[in-house]
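Q: Sharing a structure with you now.
Protein chains: 2
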Amino acid sequence: MIYSEFSAVIIGVFGLVITWLVYRMVCKQNGGDGVAREIAEAIHSGAMVFIRQEYAILFVFVLLLTFILSVFIDIYTALAFVVGAGCSGLAGFIGMHTATRANVRTAFAAKEKTAADALSVAFFGGSVMGMTIASIGLIGLGLLFYFYKHDPQTLFALNGFGMGASVVALFARVGGGIYTKSADVGADLVGKVEKGIPEDDPRNPGVIADNVGDNVGDVAGMGADIFESYCSSIIATIAIAATLTTLASDEIRQTLMMLPLTLSATGLVSSVLGIGLVRVFSDRAPAVALRIGVLSAVIIFVTLAWIVVNQLNLDVAYWYTLLVGALGSVIIGSVTDYYTEQTPVRRIAKAGQTGPATVIISGIAVGMQSVAVPVIALGGVIILATNLTGLYGVALAAVGMLATVGIIMAIDAYGPIADNAGGIAEMAGMGERTRAITDQLDQLGNTTAAVGKGFAIGAAALAALAVISAFVANVSIHTENFSLSLDQPLVLVGLFLGGMLPFLFSSMTMTAVGDAAGEMIVEIRRQFHEITGLMEGTAKPDYERCTAIATNAALKRMVIPGLLAITSPIVVGFSLGPEAVGGLLAGSLLAGMLLAITLSNAGAVWDNAKKYIEKGNLGGKFSDAHNAAVVGDTVGDPFKDTSGPALNILIKVLAMISLIIAPFL
Amino acid sequence: MIYSEFSAVIIGVFGLVITWLVYRMVCKQNGGDGVAREIAEAIHSGAMVFIRQEYAILFVFVLLLTFILSVFIDIYTALAFVVGAGCSGLAGFIGMHTATRANVRTAFAAKEKTAADALSVAFFGGSVMGMTIASIGLIGLGLLFYFYKHDPQTLFALNGFGMGASVVALFARVGGGIYTKSADVGADLVGKVEKGIPEDDPRNPGVIADNVGDNVGDVAGMGADIFESYCSSIIATIAIAATLTTLASDEIRQTLMMLPLTLSATGLVSSVLGIGLVRVFSDRAPAVALRIGVLSAVIIFVTLAWIVVNQLNLDVAYWYTLLVGALGSVIIGSVTDYYTEQTPVRRIAKAGQTGPATVIISGIAVGMQSVAVPVIALGGVIILATNLTGLYGVALAAVGMLATVGIIMAIDAYGPIADNAGGIAEMAGMGERTRAITDQLDQLGNTTAAVGKGFAIGAAALAALAVISAFVANVSIHTENFSLSLDQPLVLVGLFLGGMLPFLFSSMTMTAVGDAAGEMIVEIRRQFHEITGLMEGTAKPDYERCTAIATNAALKRMVIPGLLAITSPIVVGFSLGPEAVGGLLAGSLLAGMLLAITLSNAGAVWDNAKKYIEKGNLGGKFSDAHNAAVVGDTVGDPFKDTSGPALNILIKVLAMISLIIAPFL
């Protein structure tokens, strides 16, 4: 009984209760007053306007797809799809709602209390997102599994949940990514470069949109992405267990199908404990407190998983597989940390002395170099996991990597909250001391965000791989002699087409940011020009107009890349067949992962090189090196926050949709 | 008799005789006097110093590899390897020797005669490279085939020829690429940007090295690359024909093994006729004359190929396969032309008005977008070719694409000759009229060079695919149940490792250019600083010192990426097995092709956007848009002339080495 889907659901509900308590605790903190409160309200309502309009568009999409699924596949899949989309949307809403409450409270904790208190507020604000993802995922999947598990047809319909989560994540990632960077680039280019006013200056009409962007991109977008990885790795593990032909008994199959849910529930408990430990150690240095929390959660999870595997009478190989997955994520995270924090940053900064061109070249070279270790690590995970527990192992490793998502996502969402707190402190003039604390928190947030991005890419790659394995397993049942051999022309053609998609998709998202930023620039310039007294601080800018432009621009431009992602596997599948789809998935996973790592790390290293110079190195602010680094940072913005992260979800959407259409190919 | 390897050898010899006559004709032109002659001599001897030192290093490598091959494989392979390396080296030497004679003669033809005469000299200078490649390839392969064809073991040894050509091309491409761009960037950054003197100004100490670079990179490097594609597609076709199990008779097998040599010989004859037609029409506009030559050569080839296929009693499907290959190259070339000449150029130029960052982002977006059509075209070629004539068809399509290499390479090598002629005219002060003619020729050269790059990538991809097919065919004979299925973990791991290599390799070559350019900058600055009277034109700079630095920097930095390429398949093969190597080849081909197209086209579009502004658009020279475009152009230099082209040979070297070690895996 303890190892059934009920426990997963119960632990999910328990997680939600804890989340509610944490949310209440955050809200009870001082929400500020005066200007700070006004600004925070503006950010909050800007974020809510965006998410409401985004969900309105998504609603139409989801309705349409539900109809298509219920006609062409079955009602069960359609139902699961709606539940998956709803859960993802709900998690994103709760996370962002909390984040836009926690930001101003973090700023006030920094002003009125200590750095430790500010850390607590920001971290607990982020925890709500992390725990919500895990809890809602467990409840949604657990309930569906309970109803669907008895029949192969309905069991297959579970994939609909993954597809629902995929579609929401696709638009949240792409739309959020375009929003955040068009606002950021637009506000910076006019405010900092043309007008010479500091970042987060309240006179800049784009400053609220910029702060809203942090929330819709780095909180809601990232959250939907990770939610999708979390759920689809569980679903893929169940799907593979359902099709395994080599098992000794049906009992073992039932156990293996239950295992991912049980382990994920264990991971949620571990995350909650880890989050509690951060609170206990919050008087230490912020970086230390966060590290204690994460490491403890992982150690607790690994220990509990050992007990679970033994209690279920499973071979110890399953436990080792989990370990391999967890280790893989640590390696990928560490590489990201090295490439975006250490020697490479100083090298890029130094390249700034010979101008922007050398900054760009050396940054791209660093980004490209940084793919090596993650790829080798992923290769190691694949070999070890399959040697230990076969095809099932790849999916299980992904579950192991993602089980402690509660605390990992908390650390990730902490970044934009701290960033926002700094922005509010600056805009509301909350003083040097407050700003010093928020800066310290923000800087730590940059590191955790970079590591979080590495984790998101690794998790996406492994989750996609798991779904691809499920796709292969499924097609093999329906098609005799199904072979994905690379010497089959159709597989090869699919591979090429799949490899092309991430390039085309990145091109689209980069262009979208450029175009949307262009619209922002025009509006911000107009306000500086037409509103008298704006530069002197005697008149207020029209913030809403800027958030409205960013919102419309992002929503308009997310549709085409989104449609490309959704329709590609369908078109290829029904014109060239399942072999080509298999190639397509492998090609997109390969090119998507390589490109995502390159873009994310190049962007992060440019960002940090600029900050390194701003600290007074190599001539400091306004030196030639700094001007060159600013160019790199601007190029890096869409790389690391739009195109790179959007590739994670691209490869997963392609895989999920392929899995859904697999029986019909 | 007419369809035997003898005809191939005889036509090769005939080609060499024609080449010799053309060479004499070029040399008989006025070689100039005074300053121009001195400059030309300096470029010629700089190029020869580089190639001699490069060949000295290559000699050691070749010796070592010959020893390894004769010990671990057999003496036949070792012998073929030496012949292949020797042929490639010889072709590169002849081509570059002629190009550095033709440059000054083109300048003088422009000064003393007409644009038509200048075109003739430059084009015939380039023809020597094109015809040498085809002739030497036919003679070398034809003779080896005659001696090796009777025994499966010796027939397999033919692959050694391809490996020899690969290794030479690898170092020629990488070394030449690093040389040309370090000299270019170094000379430009100090001369144009810091000192404000024009391009090709004789006061710039780096100017000779810059002009040498055009020859070692765009003539010798490109030539070795294309030579390798030409030969390895012939070899792969022979190798596949030798292993086909579905043939009706051994006679047909003999015919199919002969077919690539026969067709390539036919292609050489067609090229010679096409080159003759360019001379006949040289009084037309340069672009028209070149187009007539190429189109005629292709039409003659296709017609002759029809006769050959019929005479050999082969199915017409073989002829259609050739047609598909030829058509593929036309599509890929046209796309390159569009992306680097039309609307995208104006869009990038316009992005320059909002600064360098937007130029970089939009250029990369254009580069990424430009992969779509070539990938679809390649997919079409694969599907059609295999449907027509099976696995053999992919290789045959590559042969069809490369048969008219004589004239295509002539047009390609024409570019750097015209570029050099312009440089010499500027340095020697040969007057406005001369400069106007050479500028006109140079501009045409930019277009032909971009199309040539597209052709080189397409040819490399198809040739590599042919070699990979041969690898699969070969391993399948030796290994039972050999499967390259994507659901095999080792295939997948190989795929990931293979996909990583182009990124790592590009990172290395970009960094090499940056470092080498840094050394050049230091030296050029030193000379401007220490040599009194240099800026006033009363003292001469020390050109030799700069060419020596570029030479040493390039040779030193080509070794590590070269070793990475050579050892990767060996390490993966003997540690993870043939499945992983198969994956490695597919992954490197996919990522290499995507990245090569992105880098080449982004580089070309930046270059042309800068030129578009320099023509007076958007504010013209020294406007903000121009400054931004210059940053793009500088970033694009290593993209399009070092890292991008080096990927062509990377994927072919990996494939060739894998084919050689295939029987031992």
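Line by line, the protein sequences give chains A and B. Heads up, the first sequence is in our numbering, so the first residue is 1 and it goes up one at a time. Heads up, the second sequence is in our numbering, so the first residue is 1 and it goes up one at a time. Idealized CB from N, CA, C, for every residue including glycine. Remember, predicted model here, so these are calculated numbers, not experimental data.
1) Is the number of C-beta pairs between the region 393–406 of chain A and the region 354–367 of chain A that are closer than 8 Å three or more?
2) So, helix, strand or coil for S469 of chain B, using DSSP?
3) For C87 of chain A, count neighbouring Cβ atoms within 10 angstroms of its own Cβ and tell me buried if that reaches 16, exposed if not.
4) Starting from the C-beta of A305 of chain B, find all residues in its chain whose C-beta is less than 7 Å away, skip the five residues before and the five after it, and write them out in chain order.
5) DSSP puts S485 of chain A in a beta bridge; with which residues?
6) In chain A, what lies closer than 7 Å to Q369 of chain B by C-beta?
7) Please list the partners that F496 of chain B has in chain A, where partner means a Cβ-to-Cβ separation under 7 Å.
8) At a CB-CB cut-off below 9 Å, which residues of chain A make contact with T634 of chain B?
9) Let me know the secondary structure DSSP gives T438 of chain A once reduced to three states.
10) Which first and last residues belong to the alpha helix (DSSP H) in which M728 of chain A is found?
11) Find the nearest neighbour of M401 of chain B within the set B:D487, B:Q440, B:I299, judged by alpha-carbon distance.
12) Buried or exposed: where does S249 of chain B fall if 16 or more other Cβ atoms within 10 Å of its Cβ makes it buried?
13) Is it true that the CB of A239 of chain B sits closer than 8 Å to the CB of N474 of chain B?
14) If distances are taken between C-alpha atoms only, which option among A:Y148, A:D515, A:F171, A:D419 comes closest to A365 of chain B?
15) Which residue wins for smallest C-alpha separation from P152 of chain A, given the options A:A109, A:N211, A:Q254?
16) Counting only Cβ pairs nearer than 7 Å, list the residues of chain A close to V269 of chain B.
17) Decide yes or no for the touch test of the region 7–24 of chain A against the region 121–136 of chain A: beta carbon pairs closer than 8 Å, at least 3 of them.
18) Evaluate L563 of chain B with the Cβ neighbour count: other Cβ atoms within 10 Å of its Cβ, from every protein chain shown; 16 or more gives buried, anything less gives exposed.
19) Closer than 8 Å is the cut-off here; do at least three beta carbon pairs connect the region 187–201 of chain A with the region 99–117 of chain A?
20) With DSSP as the reference, label G666 of chain B as helix, strand or coil.
21) Could you tell me which of A:A91, A:A78, A:A118, A:V83 sits nearest to T694 of chain A, measuring between CA atoms?
22) Applying a beta-carbon distance threshold of less than 8 Å, which residues of chain B neighbour V491 of chain A?
23) My assumption, with CB atoms under 8 Å, is that V104 of chain A sits in contact with A40 of chain A. Please give the rounded CB distance.
24) What whole-angstrom Cβ distance do T438 of chain A and F301 of chain A have, given they're in contact under 8 Å?
25) Looking only at its chain, what residues have a beta carbon closer than 6 Å to the beta carbon of A625 of chain B, apart from the 5 residues adjacent to it on each side?
26) State buried or exposed for E480 of chain A, treating a residue as buried only when at least 16 other CB atoms are found within 10 Å of its CB.
27) With 8 Å set as the bound, which would you pick, yes or no: does the beta-carbon of T598 of chain B sit closer than that to a beta-carbon of chain A?
28) Please tell me whether K640 of chain A and A591 of chain A are closer than 8 Å, where the distance is taken between their beta carbons.
29) In chain A, which residues lie with their C-beta within 8 Å of the C-beta of L594 of chain B?
30) Measuring alpha carbon to alpha carbon, tell me which residue in B:A385, B:S485, B:S120 is nearest G328 of chain B.
31) Look at the alpha carbon of S568 of chain A and the alpha carbon of L650 of chain A, and state the distance between them as a whole number of angstroms.
32) Going straight from the alpha carbon of I521 of chain A to that of G422 of chain B, what length do you get?
33) Identify the continuous alpha helix (DSSP H) that holds V375 of chain B and give its terminal residues.
34) Does the Cβ-Cβ distance between T98 of chain B and G130 of chain B come in under 8 Å?
35) Name, please, each residue of chain B whose Cβ falls closer than 7 Å to the Cβ of P638 of chain A.
36) Counting only runs of 3+ residues fully inside the region 607–635 of chain B, write out the beta strand (DSSP E) ranges in chain order.
A: Taking the coordinates as given:
1) Per the Cβ contact rule, the region 393–406 of chain A is not in contact with the region 354–367 of chain A (fewer than 3 Cβ pairs under 8 Å).
2) DSSP places S469 of chain B in the helix class (H, G or I) of the three-state scheme.
3) Burial state of C87 of chain A is buried, judged by a 10 Å Cβ sphere holding 16 or more other Cβ atoms.
4) Once the five neighbours on either side are set aside, the close Cβ partners of A305 of chain B are L263, T266, W319, L322.
5) Looking at the DSSP output, S485 of chain A sits in a beta bridge with B:S485.
6) Taking the beta carbon of Q369 of chain B as reference, the chain A residues within 7 Å of it are L504, S507, listed in sequence order.
7) Chain-ordered, the chain A residues with CB closer than 7 Å to the CB of F496 of chain B read V375, L378, G379, L590.
8) For the C-beta of T634 of chain B, the chain A residues within less than 9 Å are, from N- to C-terminus, G355, P356, A357, T358, I360, I361.
9) Note: T438 of chain A maps to helix in three-state DSSP.
10) Only positions 1 to 665 of chain A appear in this structure, which leaves residue 728 of chain A out of reach.
11) Cα-wise, what sits closest to M401 of chain B is B:I299.
12) It is exposed - the Cβ of S249 of chain B has fewer than 16 other Cβ atoms within 10 Å.
13) Taking 8 Å as the Cβ cut-off, N474 of chain B and A239 of chain B qualify as a contacting pair.
14) Ranking the options by Cα distance to A365 of chain B, first place goes to A:D515.
15) Closest in C-alpha terms to P152 of chain A, from the list A:A109, A:N211, A:Q254, comes A:Q254.
16) Simply none; closest approach about 32 Å.
17) The answer is yes - the region 121–136 of chain A touches the region 7–24 of chain A, with three or more Cβ pairs under 8 Å.
18) Counting other Cβ atoms within 10 Å of its Cβ, L563 of chain B stays below 16 and is therefore classed as exposed.
19) Verdict: no, contact absent.
20) This structure cannot settle anything about residue 666 of chain B, because the visible part of chain B is limited to 1 through 665.
21) There is simply no residue 694 of chain A to check, as chain A begins at 1 and stops at 665 in what is shown.
22) Ordered by position in chain B, the residues that pass the 8 Å Cβ test against V491 of chain A are L486.
23) Right, the Cβ-Cβ distance comes to about 3 Å (below 8 Å), so this counts as a contact.
24) Not really, about 32 Å apart at Cβ, beyond 8 Å.
25) Around A625 of chain B: G352, Q353, I613, L618, G619.
26) E480 of chain A is exposed by the Cβ-count criterion.
27) Interface with chain A (8 Å Cβ-Cβ cutoff): T598 of chain B is included.
28) No. Outside cutoff.
29) Close to L594 of chain B, with beta-carbon spacing below 8 Å, are these residues of chain A in chain order: G499, M500, F503, A591.
30) When the alpha-carbon of G328 of chain B is set against those of B:A385, B:S485, B:S120, the nearest one is in B:A385.
31) Using only the alpha carbons, I get a separation of about 11 Å.
32) About 42 Å.
33) Counting along the chain, the alpha helix (DSSP H) containing V375 of chain B begins and ends at 372–402.
34) Cβ distance not < 8 Å, so T98 of chain B and G130 of chain B don't count as in contact.
35) Going along chain B in sequence order, the residues near P638 of chain A (Cβ under 7 Å) are I361.
36) Listed in chain order, the beta strand (DSSP E) runs fully inside the region 607–635 of chain B amount to none, counting runs of at least 3 residues.
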